[in-house]
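Accompanying notes for the structure given below.
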Amino acid sequence: MPRRLFCRLTFILALAALLSSLPALAQSASTAKRHGVTARVAPSAGINGQVGRYTDVGSYLVDEASIEAWYTATHRLREQFDDICGDTFCEGDYSNLQELRYTCSVDRVSGILGQCVWGFAGSIDEVDPYNGRVLVDARAWQCVTPLAPRTTVAQLITVFAGGSPLYALLPGTDRSIYDGLVDCL
């Protein structure tokens, strides 16, 4: 199939999926407003290109204050991890541990979080003294945040606004994101 025809068919299918989901998305926005967060009406395609029930928090939020609070909190998470890394998680074999991204899924209808995961990567690098080859043992971690069931985006943003998102007790729990990292890394 010629590339141009394939692109047109893909566009038509995506447009059809978008148009069929508009009534449900309008209902999603009104439900989210009742929970204190304004949701985007524009759908985002999932892994398989289909519009689903969940999206990431960055795509879910639309009001400037919530967007700013979310990105400020995730930036602060990175800073706080960098501050403690050398004395904690980065002391072992994977001393070059790097945080990747903190991502949360949110139900676009209810505003309830599905899961939050913080990705990390690290490696052990050695030089083979006999042939000069660099040997790399690379590893990745997906650290799940210990959220209570039915935690909303608005609740999480409120907790993060305290200035120490890494150590703040998560809504409805006695645990923090740091506790989740201890369990994971």
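When the letters of the sequence shown are read in order and numbered with mature numbering (1 follows the signal peptide of the UniProt record, and there is no 0), they come out as residues -26 to -1, 1 to 159. C-beta atoms are modelled at their ideal positions from N, C-alpha and C, and glycine is treated no differently. What you are looking at is a predicted structure, and each value in this text was computed from that prediction instead of being measured.
Integer Cβ distance of residue i from residue j, believed to fall under 8 Å
i           : j           : result
residue 167 : residue 125 : Residue 167 cannot be examined here, being either before or after the span of the chain that is shown, -26 to 159.
residue 47  : residue 131 : 7 Å
residue 139 : residue 51  : 5 Å
residue 166 : residue 113 : For the chain, the structure presents residues -26 to 159; residue 166 sits outside this window and is missing.
residue 234 : residue 77  : Any question about residue 234 goes unanswered here, given that the chain covers just -26 to 159.
residue 87  : residue 143 : About 16 Å; that fails the 8 Å criterion.
residue 117 : residue 159 : 7 Å
residue 28  : residue 79  : 4 Å
Three-state secondary structure (DSSP) of residue i
i           : result
residue 56  : helix
residue 164 : Residue 164 lies beyond the range of the chain shown here (-26 to 159); nothing can be said about it.
residue 37  : coil
residue 50  : helix
residue 12  : Confidence is the limiting factor: at residue 12 the pLDDT is only 49, short of 50, which leaves the residue's position unreliable and the question unanswerable from this model.
residue 83  : coil
residue 45  : helix
Residue i, buried or exposed, once every other Cβ within 10 Å from all chains shown has been counted against 16
i           : result
residue 127 : buried
residue -3  : Because the pLDDT of residue -3 is 40, which lies under 50, any placement of that residue in the model is unreliable, and the number read from its coordinates should be weighed accordingly. With fewer than 16 other Cβ atoms within 10 Å, it is exposed.
residue 8   : Bear in mind that the predicted position of residue 8 carries a pLDDT of just 40, short of 50, making it unreliable; the figure below should be weighed with that in mind. Its Cβ having fewer than 16 others within 10 Å, residue 8 is exposed.
residue 73  : buried
residue 109 : exposed
residue 82  : buried
residue 147 : exposed
residue 25  : buried
residue 45  : exposed
residue 129 : buried
residue 141 : exposed
residue 34  : buried
residue 136 : exposed
residue 23  : exposed
residue 85  : buried
residue 4   : Low confidence applies to residue 4: its pLDDT is 41, below 50, so where it sits in the model is not reliable, and the reading given next is rough at best. Classification for residue 4: exposed.
Delimiting residues of the beta strand (DSSP E) encompassing residue i
i           : result
residue 88  : 87 to 101
residue 108 : 108 to 118
residue 147 : Counting along the chain, residue 147 falls outside any beta strand (DSSP E), and DSSP gives it neither H nor E.
residue 28  : 28 to 30
Segment limits, alpha helix (DSSP H) that includes residue i
i           : result
residue 152 : 151 to 158
Proximity test, residue i beta-carbon vs the ligand ATP heavy atom, cut-off 7 Å
i          : result
residue 98 : Ligands in the displayed structure: none, and consequently the ligand ATP is not present.
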